[in-house]
Amino acid sequence: MNIKLLLDQNLRIETLQFLRDMGLDVISTRELGMDNATDQEIAEFAITHDRIVVTFDHDFGDIRDFPVGSNPGGNQNA
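Residue numbers for the sequence shown follow the numbering used here, so the first one is 8 and each next one is one higher.
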């Protein structure tokens, strides 16, 4: 299983490089030109591209907007 990550804009660029140096498949919203993207747009991109969003944004933890099992990082069996 290849885990693919999407780093939100609130994570430092050094974190991106650190994860890449560890051999992980990771891209950032900054690289994608999504600096001003809404949470919903970021979530849709992650779902479409089978990526787990890594963020400090607490809004992504709201199960009313992002229900368990509705996205790659919301697997209830993990």
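Glycine included, every Cβ here is placed at the ideal spot set by N, Cα and C.
Spanning the alpha carbons of D32 and T45 requires a straight line of approximately 23 Å. In the displayed model, D32 falls within a strand according to three-state DSSP.
Boundaries of the beta strand (DSSP E) around I59: 59 to 61.
Counting along the chain, no beta strand (DSSP E) covers L39, and no H or E run does either. Per DSSP, the unbroken beta strand (DSSP E) holding L12 starts and ends at 11 to 14.
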